[in-house]
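*Asks:* Counting from 7, one number per residue, gives the positions in the sequence shown under the working numbering.
C-beta atoms are modelled at their ideal positions from N, C-alpha and C, and glycine is treated no differently.
The structure's right below; bear with me while I get my questions together.
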Amino acid sequence: MKFSAVCHGKKDLRIDPIQDRPLLPGEVRVAVAFGGICGSDLHYYHRGAVGDFAVREPLTLGHEISGVVLEVGAGVSGLHAGQKAALDPSRACLSCHYCRSGRSNLCTNMWFLGSAGRFPHSQGGFSQHLVLRQDQVIPVADDTDLLRLSVAEPLSVGLHAVNRAGPLMGKRVIVTGSGPIGLLTARAARLAGAAEVVTTDVEDAPLAIARTRMGATRTVNVVAQPEGLAEFEVDGGYFDVALEASGSPAALASLFRVIRRGGRIVQVGMLPPGTAPIPVNVLQSREIELVGAFRAHDEFRLAVDLIVSGTIDVTPILSGTYPLSQAMTAMERAGDRSQVIKLHLALNEDIA
Ligand SMILES: [Zn+2]
Ligand SMILES: [Zn+2]
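Structure (structure tokens):
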């Protein structure tokens, strides 16, 4: 018998049995090794919803996963049982306008693992066995660390945010929010050549990691130092690019005081449902650009390469691993930002 971690509603997470089904042509069955617990999983668990998407039927959570190929369907080439693989949670339609124009993250018919954004829901990856389309399975070398590899999805989000920012060589960058996405975005910004990366948060622990391990050149605790960003307001703003990764409307508004004329603000964090106030007259008169960044497309494969090659070390964001049977405990602990950056579930403890 195999099992999944399934959200049945607010604070109702169950370890439910699952049945293997026969594979269709082009499909691959994998054993999931590790699953990272994301902010969205925590929202489903604590509130029964993410933004406007409520859990309306049992939803298997999880989309930050890695694993091993178990079985391939008819017509699948280049994959075989026993292979380690990165697992892309995005199953885009590949035929809509956005897929055909290289922006498959905006696909109008997306099945993204572990999302209640459509009904029936798109079931997730906190599952011992999982069926994916072959293009979602990216084989890697046998000596790859599958725990680190499971960070490919959040890293891809940071890489996509940096791509949305435009060229960063020599630029001054601020990243608000130093959770997993903020830290990986800061690291990606340094990789892209940013000369300075200032990161902010309301906790000291993630800022210490940002400074010592993830490429931040300076950090500001905006609670301990409420005036910590004031020096960046002189001459109408210091930063060329701002990446908002906290999901806080106050953080977004604060960026309009520190961004240079003609600068760009990238919103990568998910704000609360509804609208957020921004100073549109400042945006207009200073020609500030405000752009969104949603998930990732080709950046997933880049994230896999950067992790496998060791170019980006994601170990600083790994805060601990729990067996599937303790998924509830992991969910409860994952929100403690003074102790935890990211927790993982080990779905199949015999794989590593
Ligand atoms: Zn995630
Ligand atoms: Zn599409």
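1. Closer than 8 Å: is that where the CB of Val163 sits relative to any heavy atom of ligand 1?
2. Contact defined as beta carbons within less than 8 Å: I believe Leu190 pairs with Leu161. What is the distance between those atoms, to the nearest angstrom?
3. Looking at the structure shown, is Ser331 part of a helix, part of a strand, or coil, going by DSSP?
4. Does the beta carbon of Ser46 fall short of 8 Å from some heavy atom of ligand 1?
5. Give the residues whose C-beta lies closer than 5 Å to at least one heavy atom of ligand 2, in chain order.
6. Can you find the residues in the same chain that come closer than 7 Å, C-beta to C-beta, to Val366, ignoring five residues on each side of it along the sequence?
7. Given 8 Å as the limit, tell me if Gly131 has its C-beta closer than that to any heavy atom belonging to ligand 1.
8. Cβ-heavy atom distance between Gly42 and ligand 1 below 8 Å?
9. Inspect the beta-carbon positions of Glu239 and Ile271 and report whether they are closer than 9 Å.
10. Check whether the Cβ of His69 sits closer than 8 Å to any heavy atom of ligand 1, and report yes or no.
11. Out of Thr206, Gly242, Thr218, point me to the one whose CA is closest to Gln231's CA.
12. Go ahead and pull the three-state DSSP assignment for Gly242.
13. Would you mind stating whether Asp210 and Phe132 have Cβ atoms separated by less than 9 Å?
14. In three-state DSSP terms, what is Val20?
15. To the nearest angstrom, how far is the alpha carbon of Leu349 from that of Ala340?
16. On the DSSP letters alone, give me the boundaries of the beta strand (DSSP E) that Gly120 sits inside.
17. If we require 3 or more residues per run, which beta strand (DSSP E) segments fall completely within the stretch 177 to 230?
18. Report yes if the CB atom of Val274 is closer than 9 Å to the CB atom of Glu305, and no otherwise.
19. Quick one: what's got a C-beta closer than 6 Å to Arg196's C-beta in the same chain, skipping five residues either side?
20. Is there at least one non-hydrogen atom of ligand 1 closer than 8 Å to the beta-carbon of Glu305?
21. In angstroms with no decimal places, state the Cα-to-Cα distance between Tyr50 and Ile215.
22. Return the Cβ separation of Asp6 and Gly280 in integer angstroms, given the expectation that the two are a contact with Cβ distance under 8 Å.
23. Enumerate, from N- to C-terminal direction, the unbroken beta strand (DSSP E) stretches of 3 or more residues contained entirely within the stretch 29 to 68.
24. Can you tell me which of the three DSSP states Leu353 falls into?
25. Quick check on DSSP: helix, strand or coil for Leu161?
26. Decide if Pro95 is buried, meaning its Cβ has at least 16 other Cβ atoms within 10 Å, or exposed.
*Replies:* On the basis of the coordinates in this document:
1. Yes, ligand 1 has a heavy atom inside 8 Å of this Cβ.
2. Taking 8 Å as the upper bound for CB-CB distance, Leu190 and Leu161 are in contact here, some 5 Å apart.
3. Helix.
4. Short note on Ser46: C-beta closer than 8 Å to some heavy atom of ligand 1.
5. Here the list is Ala98, Cys99, Cys102, Cys105, Cys113.
6. No answer is possible for residue 366: the residues shown for the chain start at 7 and end at 358.
7. Taking the Cβ of Gly131 as the reference point, every heavy atom of ligand 1 lies at 8 Å or farther away.
8. Checking every heavy atom of ligand 1 against the Cβ of Gly42, one is found closer than 8 Å.
9. Not in contact: Glu239 and Ile271 (Cβ atoms no closer than 9 Å).
10. Yes, the beta carbon of His69 sits closer than 8 Å to at least one heavy atom of ligand 1.
11. A check of alpha carbon separations from Gln231 across Thr206, Gly242, Thr218 identifies Thr206 as the nearest.
12. In the structure shown, Gly242 sits in a helix (DSSP, three-state: H, G or I).
13. Contact annotation: Asp210 and Phe132 have beta-carbon atoms that are not nearer than 9 Å.
14. This sequence places Arg at residue 20; Val is not what is there. In this structure, Arg20 counts as strand in the three-state DSSP scheme.
15. Answer to the nearest angstrom: the Cα atoms are 6 Å apart.
16. Per DSSP, Gly120 belongs to no beta strand (DSSP E) and is neither H nor E.
17. For the stretch 177 to 230, whole beta strand (DSSP E) runs of length 3 or above, ordered along the chain, are 178 to 182, 202 to 207, 224 to 227.
18. For Val274 and Glu305, no; Cβs fall outside 9 Å.
19. Val203, Gly221.
20. No, Cβ of Glu305 sits at least 8 Å from all heavy atoms of ligand 1.
21. Answer to the nearest angstrom: the Cα atoms are 27 Å apart.
22. Absent from the structure is residue 6, since the part of the chain shown begins at 7 and ends at 358.
23. Runs found: 33 to 42.
24. Secondary structure at Leu353: coil, using DSSP grouped into helix, strand and coil.
25. In this structure, Leu161 counts as helix in the three-state DSSP scheme.
26. Buried, because 16 or more other Cβ atoms sit within 10 Å of the Cβ of Pro95.
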